[in-house]
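Chains L and E, in that order, give the protein sequences. Last residue of the first sequence: 472 (my numbering), numbering continuous. Last residue of the second sequence: 781 (my numbering), numbering continuous.
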Amino acid sequence: MRLTALDEVAEAIGLKKSQGVAEARAMCPRLEVMEEDLAADRRLLDGIADWCDRYTPLVALDGRDGLFLDITGSSHLFGGEQALLKDILLRLFQMGIDARGAISSAPGLSWAASRFGSGGVIAEEDMELVLAPLPVASLRLEEQTVASLQKLGLKQVGDLIMAPRAPLARRFGAKLLLRLDQALGRDEEPVSPRRPVASLSAERRLIEPVQAEEDILYLTGQIALSLKTSLEERGAGGRAFELMLFRVDGRVFRIAAGVSQPLRDPKRIAGLFSERLQAVHDDLDAGYGFEILRLNVMRYEAFDTPQEDFDGARQKDVSLAGFVDRVSARLGADCLQSFQLCESHVPERAVAANPAIHAFTPGKKPAAGVFPWSRSERPLRLFRRPELVEVSLAEVPEGPPQSFHWRRVTHRVSRSQGPERLAMEWWVDGADAQSRDYFRIEDDTGHRFWLYREGLYGQLPSPRWFMHGIFA
Amino acid sequence: MVQTPMTRERLFALREEISRLEGSSIVAARQEALDGESGYAKQREIHRVPLGIAALDHAMEGGLALNGMTEIRSQLMRDATAATGFALALAALLQRMPDEDRSPVLWISDAVTSMETGIPYALGLADFGVKPERFLHAAPRRLEEALWLAETAVESGAFSVSILEVKGNPAHFGLTESRRLSLRAKMAGRPLLLLRQSGEEEASSAPFRFLVEPAPATSRFLPDRSMLGGSIGNPVFRLTLEKSRNPAPVSLLLEWNPHDRQFLPAREPDHARSARKLPAHSGPRLPAPVNRPDRPQEVGSVLALERAS
Chain L
1 MRLTALDEVA
11 EAIGLKKSQG
21 VAEARAMCPR
31 LEVMEEDLAA
41 DRRLLDGIAD
51 WCDRYTPLVA
61 LDGRDGLFLD
71 ITGSSHLFGG
81 EQALLKDILL
91 RLFQMGIDAR
101 GAISSAPGLS
111 WAASRFGSGG
121 VIAEEDMELV
131 LAPLPVASLR
141 LEEQTVASLQ
151 KLGLKQVGDL
161 IMAPRAPLAR
171 RFGAKLLLRL
181 DQALGRDEEP
191 VSPRRPVASL
201 SAERRLIEPV
211 QAEEDILYLT
221 GQIALSLKTS
231 LEERGAGGRA
241 FELMLFRVDG
251 RVFRIAAGVS
261 QPLRDPKRIA
271 GLFSERLQAV
281 HDDLDAGYGF
291 EILRLNVMRY
301 EAFDTPQEDF
311 DGARQKDVSL
321 AGFVDRVSAR
331 LGADCLQSFQ
341 LCESHVPERA
351 VAANPAIHAF
361 TPGKKPAAGV
371 FPWSRSERPL
381 RLFRRPELVE
391 VSLAEVPEGP
401 PQSFHWRRVT
411 HRVSRSQGPE
421 RLAMEWWVDG
431 ADAQSRDYFR
441 IEDDTGHRFW
451 LYREGLYGQL
461 PSPRWFMHGI
471 FA
Chain E
473 MVQTPMTRER
483 LFALREEISR
493 LEGSSIVAAR
503 QEALDGESGY
513 AKQREIHRVP
523 LGIAALDHAM
533 EGGLALNGMT
543 EIRSQLMRDA
553 TAATGFALAL
563 AALLQRMPDE
573 DRSPVLWISD
583 AVTSMETGIP
593 YALGLADFGV
603 KPERFLHAAP
613 RRLEEALWLA
623 ETAVESGAFS
633 VSILEVKGNP
643 AHFGLTESRR
653 LSLRAKMAGR
663 PLLLLRQSGE
673 EEASSAPFRF
683 LVEPAPATSR
693 FLPDRSMLGG
703 SIGNPVFRLT
713 LEKSRNPAPV
723 SLLLEWNPHD
733 RQFLPAREPD
743 HARSARKLPA
753 HSGPRLPAPV
763 NRPDRPQEVG
773 SVLALERAS
């Protein structure tokens, strides 16, 4: 067991990372050792990253204990870079997190300055000056490279900047120079955000936190109103929305809602979240209230403004879209399904059920399914998976059963149609899948069933029979 | 008694008010006749869709109500598909109407019934006369969700018909809830079919209730209009109008023609009777298995009990 992290007191005693626990105990018998919980660390870092969304939507995780924030274009909202950094560090300190930070035009330099230097805001012209006295480990190099650099007496980054580049590259590979260039801002280093960036977003910062659902919905409507003009400028309407609620104590809730048609009407957007709030009611703990509300448009599409007509047909489409959106927001997208016909002759694969919010576009004429192949009539209700049926006597080789036993009731067959032989799809089921002989069967009480026999009598000793559907 | 024109006028207005509250169509027809003179009759919306069977249409005061709830019941779970078929046949009938052409059908399914008898199958729907591309299937997890869905659907007015499937007689779906749904349907002017699978007769606010049982199908026609013996043609339902303003329950056999999307009266088919005597397939009839129960036999005798509603 080795130490992986230390607090300030332990550092003051002189303990070091990657020291053995036994050795550390020998140095300080009263040492409290806690086992590392990587998952919990990760959750905390995720929570902080969520919280940092208030400064910029571009937040990236860096290893186990760092965050990159791309504050391009957002620092002026907080009164400049200096004020922004101070604000972040102060708030984190108040939450009990010891954080260090630096702002510079290169992620590599910020990393080095916050971990090895004094942090702060580094101006463009001071970059080399700040970087030069830092140890080579601040370049995010592998341990082996750092050790061999130190062996050669290249202890500070300044030594590397002075050294000729070609021999360095030859000896240590291109990575060293890449890291150096990235730290100096000579090479681009993209920061990949941990969440998809919203296409559009608007927010409200509140002095007095809100708790009540009506307040949240009212504010959502207000924010949606301010988004409306930007959507109109683009000639677009949102398809996927996300409401972010920043709680006072740093917790962030994200509530996503999708719609079936591009939408920009503030009332309907607020209505959408009213359904969502109903659905997540128990999970949303308002606590001491929410201080920031942000509405993101994650995806938008062209909004075609059709001309109103007098017969009210369009009104019907709008109300249908509204219904689909409300239901999907409240009960989940999978609750409401529309059926799509697929190109397959196997009955259970011929129809796919898709969430209506994606598949069902009201107003457009839906494509009618075309069945080029000839087939017999299909049952009105199909079982999710066929049920085994006991058949005591059937016509051999390929006739219908005379009677069958299903769900503890014996049915006597009075009429039957078939067989309709369906071979399974060899490109899906494999070459040795048994073909099915379907029969449409009516029993003497007038119930009509769809039975099939798996396999043929000649090939299998006793083929099994299945119930696959029921006719009206 | 001498009536002044004034009192007669008032009496007439009150009668009209009462019949409007009751939703009766007789006075509505008279009203229509009166309005006809002033040219209003054409603008009046159609509130009934005739089923095309004279006896049934007469008992239902003109056909299926477009602004209200109609209950369809099946006695046993194994009859569930027959009730499904009748409900979907009504849906197909409504979809056939020209002005309702683009509105879809909403099917709110019940989880247990879906497990027991399967979910509606798009190809089967197409064969039955319902357009699968205008069919939405909702699978709520709980009854409260299903009721909310039905209410929202009827309110939105976007569906030509909403079908709410319920299993049995759940305690949370009593007279209050049914009245609420019924009022919503009436206010929105949209039809709602309550499909009670394997349920008992229960007092509800639906003015009409059908009991659907399966019946042997018709035979297929050959090109020369003769019947093909032993073939399975159009589905037939044994329909009983259990609850209506008409005191005597109407019971009849109804054939659904999916191709023309119309109901036809079916008579008791000959082959159904002969089938009991003659097995369809030659060979010895096997005795019922001894190690397990055969189909449940009728126990006791049927008494002429009063209906619940």
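Glycine is no exception: its CB is placed at the ideal position from the N, C-alpha and C atoms. Note that the coordinates shown come from a computational prediction; the quantities given were computed from them, not determined experimentally.
query, result
"Check: P107 (chain L) C-beta below 7 Å from any heavy atom of the ligand ADP", "Summarising the ligand content, the structure contains no ligands, and the ligand ADP is consequently not present."
"Local conformation of K155 (chain L) per DSSP, three classes", "coil"
"Status (buried if at least 16 other CB within 10 Å, exposed otherwise) for S192 (chain L)", "exposed"
"Same chain, Cβ closer than 7 Å to A270 (chain L), neighbours up to 5 away in sequence not counted", "L217, T220, G221 and A224"
"Nearest-angstrom Cβ-Cβ length linking L227 (chain L) and L200 (chain L), presumed shorter than 8 Å", "6 Å"
"V324 (chain L) burial status per 10 Å Cβ neighbour count (16 or more: buried)", "buried"
"8 Å Cβ cutoff, A485 (chain E) in contact with chain L", "no"
"CA nearest to the CA of I357 (chain L), picked from L:F383, L:L320, L:Q82 and L:V351", "L:L320"
"Rounded straight-line distance, which links the Cα of V626 (chain E) to that of R662 (chain E)", "6 Å"
"C-alpha gap between R140 (chain L) and I161 (chain L), whole angstroms", "15 Å"
"Nearest-angstrom beta carbon gap, E442 (chain L) and R448 (chain L) [assumed within contact, 8 Å]", "5 Å"
"Alpha helix (DSSP H) runs wholly inside the segment 604-638 of chain E, at least 4 long, in chain order", "615-628"
"Neighbour list for C482 (chain L) in chain E, Cβ cutoff strictly below 9 Å", "Any question about residue 482 (chain L) goes unanswered here, given that chain L covers just 1 to 472."
"Length of the line joining the Cα atoms of R2 (chain L) and M34 (chain L)", "11 Å"
"As assigned by DSSP and simplified to three states, the class of Q82 (chain L)", "helix"
"Span separating the alpha-carbon of H474 (chain L) from that of V259 (chain L)", "With chain L running from 1 to 472 in the structure shown, residue 474 (chain L) is simply not present."
"Stretch-stretch touch, CB-based, cutoff 8 Å, three pairs: the segment 555-571 of chain E with the segment 292-303 of chain L", "no"
"Whole runs of the alpha helix (DSSP H) within the segment 59-137 of chain L, excluding any shorter than 4 residues", "80-94, 107-115 and 127-131"
"Within-8 Å CB hit, S703 (chain E) to chain L", "yes"
"C-alpha distance - R432 (chain E) paired with A738 (chain E), whole-angstrom precision", "Absent from the structure is residue 432 (chain E), since the part of chain E shown begins at 473 and ends at 781."
"Residue-level contact to chain L via CB, A687 (chain E), 8 Å cutoff", "yes"
"Closer than 8 Å to chain E by CB, L422 (chain L)", "no"
"Minimum Cβ-Cβ distance from P737 (chain E) to chain L less than 8 Å", "no"
"Validate contact between the segment 331-342 of chain L and the segment 280-296 of chain L using beta carbons, cut 8 Å, 3 pairs", "no"
"Three-state secondary structure assigned by DSSP to L217 (chain L)", "helix"
"I490 (chain E) burial status per 10 Å Cβ neighbour count (16 or more: buried)", "exposed"
"Beta-carbon neighbours of I470 (chain L), restricted to chain E and to distances below 7 Å", "T553, T589 and G590"
"Within-8 Å CB hit, T445 (chain L) to chain E", "yes"
"Beta carbon proximity, R545 (chain E) to chain L, threshold 8 Å", "no"
"C-alpha gap between P719 (chain E) and T542 (chain E), whole angstroms", "17 Å"
"Contact set between R550 (chain E) and chain L, taken where Cβ atoms lie within less than 7 Å", "H447"
"Cα-Cα separation between M659 (chain E) and L653 (chain E), rounded to whole angstroms", "10 Å"
"Stretch-stretch touch, CB-based, cutoff 8 Å, three pairs: the segment 80-97 of chain L with the segment 165-174 of chain L", "no"
"Reduced DSSP secondary structure (H/G/I, E/B, other) of P379 (chain L)", "coil"
"Per-residue burial, G469 (chain L) [other beta carbons within 10 Å of its own, 16 or more giving buried]", "buried"
"Anticipated Cβ contact below 8 Å, I580 (chain E) with L621 (chain E), distance rounded", "5 Å"
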